[in-house]
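Asks: With positions in the first sequence counted from 1, the corresponding number in our numbering is that position plus 109.
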Amino acid sequence: MNEVRTRFAPSPTGYLHIGGLRTALFTYCIAKKVGGKFILRIEDTDQERYVEGANEVIYRTLRAVGLNWDEGPDVGGDFGPYIQTERRGIYKEYAEKLVELGGAYYCFCDKERLQELKAVQEASGVNPMYDRHCRSLSPEEIKEKLDAGVPYVIRQKIPLDGETTFHDVLYGDITVENSTLDDQILLKTDGLPTYNFANVVDDHLMGITHVVRGNEYLASAPKYTLLYKAFGWEEPVYIHVEHIMRDKQHKLSKRDGDASYEDLIAKGYLSEAIVNYIALLGWSPKGEREIFSLPELIEEFDISGLSKSPAIFDPLKLRAINGEYIRMMPPEEFAKIAEPWIRQTCKGDFDIARIALLLQPRTELLSDIPAQVDFFDEMPDYDLSLYENKKMKTDRATSLEVLKKVKPVLENITDWNFDAIHDALFNLIGELGVKNGYLLWPLRVAITGKQFTPGGAIEAAEIIGKKSTLERLERSLKMLEA
RNA sequence: GGCCCGUUGGUCAAGCGGCUAAGACACCGCCCUUUCACGGCGGAGACAUGAGUUCGAUUCUCGUACGGGUCACCA
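1) Within 10 Å of its beta-carbon, does His359 have 16 or more other beta-carbons around it, so buried, or fewer, so exposed?
2) Applying the 10 Å Cβ sphere with the 16-neighbour rule, what's the burial state of Asp312?
3) Under 8 Å between the Cβ atoms of Ala480 and Ala465?
4) What first and last residue would you give for the alpha helix (DSSP H) that runs through Tyr200?
5) Which class does Arg471 belong to by DSSP, given the choice of helix, strand or coil?
6) Are Arg114 and Ile148 close, meaning C-beta to C-beta below 8 Å?
7) To which residues does DSSP link Cys216 through a beta bridge?
8) Applying the 10 Å Cβ sphere with the 16-neighbour rule, what's the burial state of Arg322?
9) Name the two residues that bound the continuous alpha helix (DSSP H) containing His276.
10) Just to check my reading of the structure: Leu579 and Leu512 have Cβ atoms closer than 8 Å, yes? What is that Cβ distance to the nearest angstrom?
11) Which residue marks the beginning of the alpha helix (DSSP H) containing Thr578, and which one marks its end?
12) Determine the contact status of Leu296 and Ile267, defining contact as a CB-CB distance below 8 Å.
13) Pick out whichever of Ile387, Val518, Val554 and Pro248 has its Cα sitting closest to the Cα of Leu541.
14) Does the beta-carbon distance from Val285 to Thr303 come in below 8 Å?
15) Using a Cβ distance threshold of 8 Å, determine whether the segment 196–204 contacts the segment 216–230, with at least three qualifying pairs required.
16) Taking the alpha-carbon positions, what's the Tyr386 to Val320 distance?
17) According to DSSP, which residues form a beta bridge with Arg322?
18) Just checking, does the segment 404–424 make contact with the segment 140–147 on the three C-beta pairs under 8 Å criterion?
19) Within the continuous alpha helix (DSSP H) that includes Leu548, where are the two ends?
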């Protein structure tokens with residue numbers, strides 16, 4: 110009856126890929142669904158790839174989406190430290206222990222020898238593998254080299270024959286011949302562990318019960334099983350998830366421009382929509398609903414819904430989900446987040462809340478906004494063909510005629526508001542005995558200069574005000590008369 | 001190349017031996033409507049392929065094709 114403990118263990122590269130974020134999300138859900146703990150561990154054993162400030166990117170992103178960790182570098186916990194470089198002594202200790210247990214051995218081969226070996230193997234068409242040169246060194250030889258300070262690594266001692274079965278929740282049992290497994294390096298010359306070793310040690314020491322990780326680790330998984338066996342430790346439950354792809358051939362990568370959470374936010378996607386969408390990539394809920402908040406996701410999440418095949422990232426679907434989230438927002442909240450986007454192309458003194466209200470049902474992506482509101486400040490130049498509309502039965506001549514009649518009606522409105530404009534215009538429509546669109550279509554064109562606008566003629570007139578409406582109308586009238 | 005894994009409409013996907021093979025996005029049509037959206041209704045579109053097992057295969061087994069992963073003192 111152990112407590113469920115899961116971890117997200119990113120490397121600080123300064124960039125949180127949405128595939129990684131999705132892994133974190135699944136990991137988080139597994140723990141939270143049963144009231145377990147979610148742990149953050151930084152895997153920074155690669156000194157050469159260290160990036161300044163990268164940890165903050167990870168913290169910031171996870172917090173922004175609501176994946177709060179119970180234990181981690183900055184919040185502490187009983188199983189720390191949670192940054193691998195601060196645990197270096199631990200790995201050395203366990204590597205040496207494994208040597209004693211017979212599961213590992215010292216290796217003094219230098220890189221040159223290894224390189225040569227590899228070259229020869231490749232040339233002869235053999236799979237490159239360490240030739241186990243140091244595996245049979247005598248204790249005396251080892252001691253001698255150690256005392257002499259010869260640089261060394263510690264390698265895993267893979268059984269020479271037999272086979273190893275590794276179990277994954279999604280893939281079931283995967284059995285491989287031990288002879289195909291390399292005596293991989295566990296502890297590097299610099300005293301730091303390799304990923305494969307650090308993972309096993311840390312997961313065990315931190316009491317991790319479930320591991321969700323990318324499919325790229327599936328091939329090395331049997332070596333983990335061997336490591337756990339050699340230590341006499343119990344293996345966690347493993348769940349390997351497939352990659353998020355750009356297309357059938359390529360993984361979604363940094364250079365695609367929308368592979369990271371921050372890229373997406375910059376493009377105007379909502380945090381909640383991103384989380385919701387990526388959850389749906391490679392996982393499917395039981396029912397037909399697909400809009401879930403994070404708490405709902407936790408409730409709904411089930412490992413059995415995970416998929417074994419790669420999923421292509423579809424910006425269009427994300428966009429649609431984003432639109433759903435926008436429509437679900439309280440209008441005031443939408444107005445708040447929309448304002449900076451509106452202000453990009455609409456600087457004038459307008460009723461922003463009113464504009465936001467019109468925008469809300471027609472915005473899927475916040476970055477769509479600027480182009481929608483660029484006519485408020487100033488009417489763009491437009492082509493007179495906009496007046497021609499088959500369905501409204503309008504053309505330049507009918508438009509000119511009707512707009513001439515509209516002008517005095519609008520001039521007579523004293524209290525400029527939606528209802529007043531609406532009533533005045535519909536009065537006129539009644540008098541003329543025409544269809545609404547016959548009058549309203551040309552009017553909208555005349556004062557906005559656009560084919561599509563958020564809202565119709567009345568809304569546009571209301572927002573830009575009486576003075577501007579009449580000026581624009583006058584200008585359009587002149588264009589039509591010319 | 002060796003080893004491992006995958007393959008249902010354009011995309012995400014449900015399905016777990018018997019179904020007219022769900023649903024969503026995208027697409028098309030209609031309705032609503034002062035444009036565009038929103039909303040509503042409807043439509044087109046899929047089990048990679050060949051054997052085998054079975055009364056019956058999308059579902060199980062094997063082969064083939066295609067795709068991916070992995071073969072580092074990177075994670």
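Beta carbons are placed, not taken as given, at the ideal position from N, Cα and C, and that holds for glycine.
Replies: On the basis of the data shown:
1) As a position in the first sequence, residue 359 is number 250, starting the count at 1. By the neighbour-count rule (16 or more Cβ atoms within 10 Å), His359 is not buried but exposed.
2) One-based indexing of the first sequence puts residue 312 at position 203. Buried, since its Cβ has 16 or more Cβ neighbours within 10 Å.
3) In the first sequence, residue 480 corresponds to position 371, counting from 1. In the first sequence, residue 465 corresponds to position 356, counting from 1. Not closer than 8 Å, so no.
4) Within the first sequence, numbered from 1, the residue matching residue 200 stands at position 91. First-last of the alpha helix (DSSP H) with Tyr200: Arg197 to Leu210.
5) As a position in the first sequence, residue 471 is number 362, starting the count at 1. The three-state secondary structure of Arg471, taken from DSSP, is helix.
6) Residue mapping note: residue 114 aligns to position 5 of the first sequence, counting from 1. Residue mapping note: residue 148 aligns to position 39 of the first sequence, counting from 1. Yes; because the gap between Cβ atoms is below 8 Å, this pair is in contact.
7) For the purposes of this step, residue 216 is identified with residue 107 of the first sequence, where counting begins at 1. DSSP lists Val262 as partners of Cys216.
8) For the purposes of this step, residue 322 is taken as residue 213 along the first sequence, with counting starting at 1. Result: buried.
9) As a position in the first sequence, residue 276 is number 167, starting the count at 1. Element bounds for His276: not the alpha helix (DSSP H) but the beta strand (DSSP E), Glu272 to Asp277.
10) The sequence position of residue 579 within the first sequence is 470, counting from 1. The sequence position of residue 512 within the first sequence is 403, counting from 1. Contact flag wrong, Cβ pair sits at about 11 Å.
11) Translated into the one-based positions of the first sequence, residue 578 becomes position 469. Segment Ala566 to Glu590, the alpha helix (DSSP H) holding Thr578.
12) For this step, residue 296 is matched to residue 187 along the first sequence. For this step, residue 267 is matched to residue 158 along the first sequence. Contact annotation: Leu296 and Ile267 have beta-carbon atoms that are not nearer than 8 Å.
13) In the first sequence, the residue the question calls residue 541 occupies position 432. Looking from the CA of Leu541, the closest CA among Ile387, Val518, Val554 and Pro248 belongs to Val518.
14) Residue 285 sits at position 176 when you count from the first residue of the first sequence. Residue 303 sits at position 194 when you count from the first residue of the first sequence. Using a Cβ distance threshold of 8 Å, Val285 and Thr303 do not count as a contacting pair.
15) Too few Cβ pairs lie closer than 8 Å, so no.
16) Mapped onto the first sequence, residue 386 falls at position 277. Mapped onto the first sequence, residue 320 falls at position 211. One alpha carbon belongs to Tyr386, the other to Val320, and they sit about 22 Å apart.
17) Position 213 of the first sequence holds residue 322. In the DSSP assignment, the residues bridged to Arg322 are His349.
18) With a cut-off of 8 Å, the segment 140–147 and the segment 404–424 count as touching, because enough Cβ pairs lie within range.
19) Along the first sequence, one-based indexing puts residue 548 at 439. Its alpha helix (DSSP H) spans residues Asn545 to Thr557.
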